[in-house]
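Worksheet: the structure to be examined is printed underneath.
Numbering (this note's numbering), first residue to last: 4 to 231.
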């Protein structure tokens with residue numbers, strides 16, 4: 004592999020914790036706004052609706068804005084709360100969460116000394132930038148690219164190609180995609196014949212239909228052992 008000059012880094016559940024933090028943030032927002040007695044149950048409905056909309060987006064049937072707005076409106080329609088107010092409260096809590104993945108701070112700082120690190124995320128730019136600043140990693144990443152920049156979400160090639168262009172028109176051969184998502188990060192890299200590193204902390208098994216990463220690691224410290 005390599006030599007690489009640019010690393011395209013997924014952020015959620017690669018650099019910062021997301022799955023647990025998103026759940027906690029949703030339940031906290033529900034509690035703060037007195038939305039539901041069982042915030043956990045409401046969150047489960049939110050996840051189901053979110054997954055359904057993301058699937059529709061990948062199929063080209065649902066816009067990104069619809070994904071971001073409809074999932075809140077749908078799950079909150081039977082509750083006496085403004086969906087926009089709830090959404091903003093949820094993101095306010097999420098953006099100040101300081102939980103990071105094991106070894107992520109040290110690893111990204113070390114990698115940033117040798118490579119250009121670019122954050123690529125399907126999440127809201129404002130939230131991602133706030134989270135990176137909150138955990139002390141704002142300066143480790145040169146810039147961020149997300150759906151707001153190109154109108155596409157991972158694994159669409161457009162997002163990855165824009166990141167390479169903004170990194171100085173770097174060729175695909177000189178960049179590696181790093182992320183925990185087989186369907187988003189690794190598939191996106193595979194679509195463009197780019198090198199990829201799958202962060203797989205739980206040692207999950209890939210199915211025969213899953214894309215094959217160039218490298219598989221349990222944590223970002225292990226990635227450093229390969230790249231530094």
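Where a beta carbon is used, it is the ideal one built from N, C-alpha and C, also for glycine.
Owing to the predicted nature of the structure, the values given are computational and were not obtained by experimental measurement.
Assuming contact is defined by CB atoms lying nearer than 9 Å, are residue i and residue j in contact in what I supplied?
i: residue 121; j: residue 78; result: no
i: residue 191; j: residue 230; result: no
i: residue 70; j: residue 88; result: no
i: residue 167; j: residue 216; result: no
i: residue 101; j: residue 137; result: yes
i: residue 90; j: residue 134; result: no
i: residue 108; j: residue 139; result: yes
i: residue 143; j: residue 114; result: yes
i: residue 169; j: residue 151; result: no
i: residue 19; j: residue 82; result: no
i: residue 209; j: residue 6; result: no
Whose CA, out of the options, lies closest to the CA of residue i?
i: residue 223; options: 62, 179, 131, 106; result: 106
i: residue 103; options: 11, 9, 25, 10; result: 25
i: residue 201; options: 16, 6, 135; result: 16
i: residue 76; options: 116, 208, 46; result: 46
i: residue 155; options: 64, 21, 83; result: 64
i: residue 198; options: 179, 206, 43, 44; result: 179
i: residue 212; options: 118, 193, 72; result: 193
i: residue 68; options: 21, 43, 126; result: 126
Using C-beta distances below 8 Å, list every residue in its chain close to residue i, excluding the 5 sequence neighbours before and after it, in chain order.
i: residue 203; result: 183, 219, 220, 221
i: residue 92; result: 32, 35, 36
i: residue 74; result: 49, 52, 53, 56
i: residue 252; result: Not covered by the structure: residue 252. The range shown for the chain is 4 to 231.
i: residue 66; result: 60
Apart from the five residues on each side of it in sequence, which residues of its chain come closer than 6 Å, Cβ to Cβ, to residue i?
i: residue 110; result: 223, 224, 227
i: residue 187; result: 157, 158
i: residue 153; result: 161, 162, 165
i: residue 14; result: 122, 124, 131
i: residue 112; result: 143
i: residue 118; result: 10
i: residue 12; result: 120, 122, 181
i: residue 189; result: 199, 201, 214, 216
i: residue 94; result: 130
i: residue 84; result: 36, 38
i: residue 21; result: 15
Leaving out five residues on either side along the sequence, give the residues of the same chain with a beta carbon under 7 Å from the beta carbon of residue i.
i: residue 96; result: 28, 31, 32
i: residue 195; result: 160, 163, 175
i: residue 173; result: 8, 9, 167
Which one or two residues does DSSP pair with residue i in a beta bridge?
i: residue 178; result: 9
i: residue 122; result: 12, 147
i: residue 103; result: 19
Just to confirm, does residue i get its C-beta within under 8 Å of one of the non-hydrogen atoms of the ligand SAH?
i: residue 228; result: What this structure holds is no ligand at all, so the ligand SAH is not there to describe.
Inside the stretch 131-160 only - beta strand (DSSP E) runs reaching at least 3 residues: Runs of the beta strand (DSSP E) inside the stretch 131-160: 146-148.
Every unbroken alpha helix (DSSP H) within the stretch 8-49, with a cutoff of 4 residues, ordered by chain: 22-35
Complete runs of the beta strand (DSSP E) confined to the stretch 180-231 [at least 3 residues]: Correct list: 198-202, 218-220.
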